[in-house]
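Participant:
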Amino acid sequence: MDVSQLIGLVNGKLLNPGADLTREIKGGCGADLMSDVLASIQPEAVLLTGLCNPQVVRTAQMSDVSAIVIVRGKTPPQETVDLANQEKIALISSPFGMFELCGRLYQAGLTSLERSVTDGPSEME
Amino acid sequence: MSEKDTPKTILVDDRVAETITRVEELAYELKIREVMTSNVQTLEPEMKMRDVVELFRQRRISGAPVKKGEELIGILSIEDLIRCLVANDMDSPVSRYMTAKIYTIKGTDPVVEALKAFVNTHVGRLPVVDEHGVMEGIITKGDVTRGLLKALQRSIQEEELKTYRASHLFEDIESNRTSLILRYNIKPRDFTHGGAASSNIKRALLRMGASPQIARRCGIAAYEAEMNLIIHTTNGGTMRVEIEPHRISFEVVDDGPGIPDVDLAMKPGYSTANDDVRELGFGAGMGLANIARCVDAMTLESVVGRGTRLKMKIFLESEAVGEGYSGKKETSERDNS
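Those sequence lines, one after another, are chains A and B.
Per the working numbering, numbering of the first sequence is gapless, rising by one per residue and ending at 125.
Per the working numbering, numbering of the second sequence is gapless, rising by one per residue and ending at 462.
#1: Closer than 7 Å, Cβ to Cβ, to anything on chain B: give me those residues from the stretch 77-92 of chain A, in chain order.
#2: Report yes if the CB atom of B:V177 is closer than 8 Å to the CB atom of B:V219, and no otherwise.
#3: Can you grab the Cα-Cα spacing for the pair B:R271 / B:E169, in whole Å?
#4: Straight-line CA distance for B:T233 to A:G103?
#5: With a threshold of 16 other CB atoms inside 10 Å of the CB of A:S116, please say whether the residue is buried or exposed.
#6: Is it the case that the CB of B:V377 approaches a heavy atom of the ligand MG more closely than 7 Å?
#7: By DSSP, does B:F440 sit in helix, in strand, or in coil?
#8: Give me the Cα-Cα distance between B:V465 and B:V420, rounded to the nearest whole angstrom.
#9: Use the C-beta contact count for B:G262: other C-beta atoms within 10 angstroms, 16 or more gives buried, fewer gives exposed.
#10: Give the residues from the stretch 176-190 of chain B that approach chain A closer than 7 Å (Cβ to any Cβ), ordered along the chain.
#11: So with CB distances below 7 Å, who are the chain A contacts of B:A409?
#12: Counting only beta-carbon separations shorter than 8 Å, does B:T288 have a partner in chain A?
#13: Does A:P121 have its Cβ less than 8 Å from a Cβ in chain B?
#14: Within 10 angstroms of its Cβ, does B:E351 collect 16 or more other Cβ (buried), or is it exposed?
#15: Could you spell out where the alpha helix (DSSP H) holding B:V219 opens and where it closes?
#16: Using a beta-carbon distance below 8 Å, is A:G51 in contact with chain B?
#17: So, under 8 Å CB-CB, B:L405 and A:Q55 are touching, yes? Tell me the CB distance rounded to an integer number of Å.
#18: Which bits of chain A does B:T358 rub up against, with CB to CB less than 8 Å?
#19: Starting from the C-beta of B:T359, find all residues in its chain whose C-beta is less than 6 Å away, skip the five residues before and the five after it, and write them out in chain order.
#20: Out of B:A347, B:S217, B:F316 and B:K287, which has the shortest C-alpha to C-alpha gap to B:K327?
#21: For B:E426, does the three-state DSSP call read helix, strand or coil?
#22: So for B:G188, helix, strand or coil by DSSP?
#23: Would you tell me roughly how many angstroms separate the C-alpha atoms of B:R341 and A:L38, rounded to the nearest one?
#24: If you measure from the beta carbon of B:K327 to each beta carbon in chain A, is any gap under 8 Å?
#25: Short of 8 Å in beta carbon distance, which residues of its chain neighbour B:L206, apart from the five on each side in sequence? Order them along the chain.
#26: Is A:I25 near A:S66, with beta carbons less than 8 Å apart?
#27: Just checking: is the beta-carbon of A:P43 within a distance shorter than 8 Å of some beta-carbon in chain B?
#28: Could you compute how far the alpha carbon of A:Q42 sits from the alpha carbon of B:S374?
#29: Would you identify the three-state DSSP class for B:M289, choosing helix, strand or coil?
#30: Are the C-beta of B:E150 and some C-beta of chain A separated by less than 8 Å?
#31: Looking at the C-beta of B:Y348, does it have a partner C-beta in chain A at a distance below 8 Å?
#32: Indicate the three-state DSSP secondary structure (helix, strand or coil) for A:C52 in the structure shown.
#33: Pick out whichever of A:L110, A:M1, A:L6 and A:Q86 has its Cα sitting closest to the Cα of A:V57.
#34: Take the Cβ of B:A276 as the centre, count every other Cβ of all protein chains shown within 10 Å, and call the residue buried at 16 or more, exposed below.
#35: Span of the alpha helix (DSSP H) holding B:Y309?
#36: Using 8 Å as the cut-off, can you tell me whether the stretch 69-77 of chain A makes contact with the stretch 305-321 of chain B, which would need three or more C-beta pairs spanning the two stretches below that distance?
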């Protein structure tokens, strides 16, 4: 699935038109703790989060996230949108909650790209 | 995005979409002055239409502004010429057939303003004026297309060149030991820019030809270390990255307050961060543990009241340790008093 298909699936609103919508999404990760995301996420995931600050985009950039979905229709501050634009990572606002979104995406065929803490380094191929 | 907008996004071909986005950006970045034609052929109002045909043919243009002295009084386009031809009135002066209603545009405006004007006014060319209203050039849709294509090519070449230069750095310079050192000063509590240094480090590594996996491991380790400086230190600190062909070494130093119990700080889930920090999604007590998972070697020294020094290494050669840090702990701890 690519980012534009994801936008349709989550009834999402793309907040940064400059984003790269062609990126492939291989799975998902849902978390509000950015350290957890950094610890567990595999490359090319969609990140579902309730956080709106710029650190979400930084975290996404560091961990090669393909798109960020902000849950429950929240609108992030301008700094977050600007940073996402700069890094070309799609920042999407969805009206659904975290649970609903995870369910929808899982049903659409996306699997979890979260690793357990005990699995060792998250970047091993 | 409403549901009816969604199909439009999907219909755009993948490869096209990327280009469109960059072109759209450029339309806002580029100024009209940068893409306009500045050596403008002008006409005089008394000039005969017959001579204009010949001039357009020679100069391969399809329109020109009409000036009386220094004053811009009209525009003559190919449509006006056709009207004249149809009327078989080629000996008439330009002033009879020119379009006297002129839309101008400022040279300092972004290109997108010209595009809007073309759509709104249905004209094919716009005289470009400076801040005093003096004509400095003319812009057509052709100028815009050419300008955008040139800029697009330039921006692609720039990135390629940057990557090329960076990735050949080590081959081009001979020494017994070549390394590139990047230094970043991190301010305390600067949450707005938190991660900017790590972002630059990751980009630099990718430009230098590091694999995405290596760049990612370095990025995550650097980011956690950077956030630690922002969250915990009294006066901020410095991050020094040394890039060598076989390894990347980080040294993250601050002057306080120091960590009372390094072993405890290393423990996943242990945190001293306050609620403000937790609201940012940090302070979950995973930072140092995360770093340990990303790097091949790590030492953490801290003295309460004096400061903390974190060293991390990532090896680039396959024969070297490269499977993450787990199990190779060499955390050392100095005097805690």
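Glycine is no exception: its CB is placed at the ideal position from the N, C-alpha and C atoms.
Facilitator: The answer reads as follows:
#1: E79
#2: yes
#3: 28 Å
#4: 50 Å
#5: exposed
#6: Ligands displayed in this structure: none; no statement on the ligand MG is therefore possible.
#7: strand
#8: With chain B covering only 126 through 462, there is no way to say anything about residue 465 of chain B.
#9: buried
#10: none
#11: L33, S35 and D36
#12: no
#13: Low confidence applies to A:P121: its pLDDT is 48, below 50, so where it sits in the model is not reliable enough to give any reading.
#14: buried
#15: V219 to Y222
#16: A small fix is needed here, since residue 51 of chain A is Leu in this sequence, not Gly. It does; some Cβ of chain B falls within 8 Å.
#17: 5 Å
#18: Per Cβ cutoff of 8 Å: no residues; B:T358 is ~17 Å from chain A at best.
#19: G381 and P382
#20: B:A347
#21: strand
#22: strand
#23: 10 Å
#24: yes
#25: M174, V177, V178, F181 and Y222
#26: yes
#27: yes
#28: 24 Å
#29: Note on identity: in this sequence residue 289 of chain B is Tyr, with Met being the wrong assignment. In this structure, B:Y289 counts as helix in the three-state DSSP scheme.
#30: yes
#31: yes
#32: coil
#33: A:Q86
#34: buried
#35: B:Y309 -> not in any alpha helix (DSSP H); beta strand (DSSP E) instead, spanning L305 to I311.
#36: no
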